[in-house]
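Notes follow once the structure below has been shown.
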Amino acid sequence: MLTDAQIDTIAAELAEADRTHSVVPRITARFPDATVDDSYRIQGRWRDRQLAAGRTLVGRKIGLTSKAMQQATGITEPDYGVMFDDTVYRSGDDIPVDHFSNVRIEVELAFVLKTPLEGPDCTLEAALAAIDYAVPALEVLNSHIELEGRTIVDTISDNAAYGAMVLGDVRKRPDEIDLRWVPGVLSRNGEIEETGVAAGVLGHPATGVAWLANKFSQHGARLEAGEIILAGSFTRPMWVSRGDEVLCDYGPMGTISCRFV
Numbered sequence: 001m002l003t004d005a006q007i008d009t010i011a012a013e014l015a016e017a018d019r020t021h022s023v024v025p026r027i028t029a030r031f032p033d034a035t036v037d038d039s040y041r042i043q044g045r046w047r048d049r050q051l052a053a054g055r056t057l058v059g060r061k062i063g064l065t066s067k068a069m070q071q072a073t074g075i076t077e078p079d080y081g082v083m084f085d086d087t088v089y090r091s092g093d094d095i096p097v098d099h100f101s102n103v104r105i106e107v108e109l110a111f112v113l114k115t116p117l118e119g120p121d122c123t124l125e126a127a128l129a130a131i132d133y134a135v136p137a138l139e140v141l142n143s144h145i146e147l148e149g150r151t152i153v154d155t156i157s158d159n160a161a162y163g164a165m166v167l168g169d170v171r172k173r174p175d176e177i178d179l180r181w182v183p184g185v186l187s188r189n190g191e192i193e194e195t196g197v198a199a200g201v202l203g204h205p206a207t208g209v210a211w212l213a214n215k216f217s218q219h220g221a222r223l224e225a226g227e228i229i230l231a232g233s234f235t236r237p238m239w240v241s242r243g244d245e246v247l248c249d250y251g252p253m254g255t256i257s258c259r260f261v
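Oh and the sequence shown: position 108 is 108 in full-length UniProt numbering, straight run, nothing missing.
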């Protein structure tokens, strides 16, 4: 376990890396005994700094929920982070690439809750009942910790590598569409780079919402009505650079486009 002073130091370091869009050495290289609990404490301390600075929390991201992402990262369990209102973009927006580090894109579905959701025995059925609607989303990954050799401790500490999300325009209630079979065809500059289907996320993309509610219950917390839950990628991450035009086709749930400037 790390000391409170070490937690504070690392959280401040990550806040500065976020401000300057820079990368810091791996936490696990410097503190090899750091645990997953330590990493969530670091993330929580960083989150509290952001809230104190006036940012508004709008939801949570869940990561590493698909075999594709676990194989891409070498990490075998889901994680989660927080999302602030100033990180939400709409389809068609320009996204400033300089605001992020190690910039990649993932294909996901996001869910907006109409009622609170809590564990410890939350099921997929309970999660679906609490969801107001699903909307297609792209996640912009933003890693402030060097990628080579990183572990889940590094990733969680760095707010689960969340940078921003781009939301589509088509909203579907869970009873309007079989969410497992929503496709994603991801293109960069007109060339298809990644494809997948939402069932790749734990068998059903809303399974991660139930997982998160149960995870929160361990800390006496719950997911609240109105929160956006970004449910995890069903493709591998795609690298992007300035000037790249990104398009993702979600079939019956429409398309998302954005450009990195």
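Glycine is no exception: its CB is placed at the ideal position from the N, C-alpha and C atoms.
| Query | Result |
| --- | --- |
| Counting C-beta neighbours from all protein chains within 10 Å, is the total for histidine 219 16 or more, i.e. buried, or is it exposed? | exposed |
| From the DSSP output, read off the bridge partner residues of arginine 60. | Val82, Ile229 |
| Looking at C-alpha atoms only, which residue of Val58, Tyr80, Ser39, Val103 is the closest neighbour of proline 237? | Val103 |
| Could you check which residue in Gly63, Asp48, Thr65 has the C-alpha nearest to that of leucine 57? | Asp48 |
| Determine the burial state of glycine 149: buried for a count of at least 16 other Cβ atoms within 10 Å of its Cβ, exposed for fewer. | exposed |
| Proline 252 by DSSP, collapsed to three states: which one? | helix |
| CA-CA distance, leucine 50 and proline 174? | What sits at residue 50 in the sequence shown is glutamine, not leucine. Cα-Cα distance, rounded: 33 Å. |
| Expressed to the nearest angstrom, what Euclidean distance is found between the alpha-carbon atoms of leucine 202 and glutamate 106? | 16 Å |
| Inspect the beta-carbon positions of serine 101 and valine 153 and report whether they are closer than 8 Å. | no |
| Using the three-state DSSP reduction, which class does leucine 179 fall into: helix, strand or coil? | helix |
| Can a CB atom of chain D be found closer than 8 Å to the CB of methionine 238? | The chain inventory of the structure shown lacks chain D, comprising one protein chain alone. |
| From aspartate 18 to leucine 138, what does the alpha carbon distance come to, in whole angstroms? | 20 Å |
| Helix, strand or coil: which one does DSSP assign to phenylalanine 216? | helix |
| If contacts are defined as beta-carbon pairs under 8 Å, then lysine 61 and leucine 230 qualify, I think. What distance do you get, rounded to the angstrom? | 4 Å |
| From glutamate 245 to arginine 188, what does the alpha carbon distance come to, in whole angstroms? | 6 Å |
| For leucine 198, which of Trp46, Glu108, Arg55 has the nearest alpha-carbon? | The displayed chain sequence assigns alanine, not leucine, to residue 198. Minimum Cα distance to alanine 198 is reached at Glu108. |
| Using a Cβ distance threshold of 8 Å, determine whether the region 249-258 contacts the region 176-193, with at least three qualifying pairs required. | yes |
| Which residues does DSSP list as the beta-bridge partners of aspartate 94? | Arg259 |
| Along the chain, where does the beta strand (DSSP E) that runs through valine 170 open and close? | It is not in any beta strand (DSSP E) - valine 170 carries neither H nor E in the DSSP assignment. |
| Would you mind giving the Cβ-Cβ distance between aspartate 132 and leucine 117, rounded to the nearest angstrom? I have them listed as a contact below 8 Å. | Contact flag wrong, Cβ pair sits at about 11 Å. |
| Got a sec? Which residues, its chain only, sit under 7 Å from glycine 119 by beta carbon, not counting five neighbours each side? | Ala213, Asn214, Phe216, Ser217 |
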